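Take 0 as the starting number for the sequence shown in numbering that gives the first Met the number 0 and just add one per residue.
Even for Gly, the Cβ is constructed at its ideal location relative to N, Cα and C.
Note that the structure is a prediction, hence the values are computed from the model and not measured.
Right, one structure below, let's go through it.
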Amino acid sequence: MYKAVGSRGSRVSRVLWMLEELGQPYEFVEVKLRSPEAYALNPSGKVPILIDGELIVTDSAAICFYLADKHADKGMGADRNS
Ligand SMILES: N[C@@H](CCC(=O)N[C@@H](CS)C(=O)NCC(=O)O)C(=O)O
């Protein structure tokens, strides 16, 4: 299951919205900005952070593109053929 890491009111809401739109189950892991928990996952200490198994993806836009590509069947990504 995906883990969406962030603090309430942060850009993690973009990731949660994307996961909801894709119908993917996820766990919201609340961490404070620039906390030891955030730094452990992202050298900048910033959120949001997506954990997908062994993979860690940071930056809300990158996370949304990653999810859109991974779940291309849901039609949330760019149509690179047009
Ligand atoms: N471009 C990044 C920006 C990430 C970012 O600045 N996140 C804020 C929370 S919304 C943060 O962690 N701020 C902590 C800081 O800059 O010290 C993204 O879209 O994810």
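The beta carbons of M0 and E19 sit no closer together than 8 Å. By the Cβ-count criterion, G74 is exposed, with fewer than 16 other Cβ atoms from all chains shown falling within 10 Å of its own Cβ. Taking Y38 as the centre and dropping the five residues before and after it, the same chain places the C-beta of G44 closer than 8 Å to its C-beta, in chain order. E26 is bridged by DSSP to K2. For the 8 Å CB-CB criterion, S59 and R10 form a contact. For the pair A3 and A61, the Cα-to-Cα distance works out to about 13 Å. The closest CA to that of R33, considering only V14, I48, E53, is found on I48.
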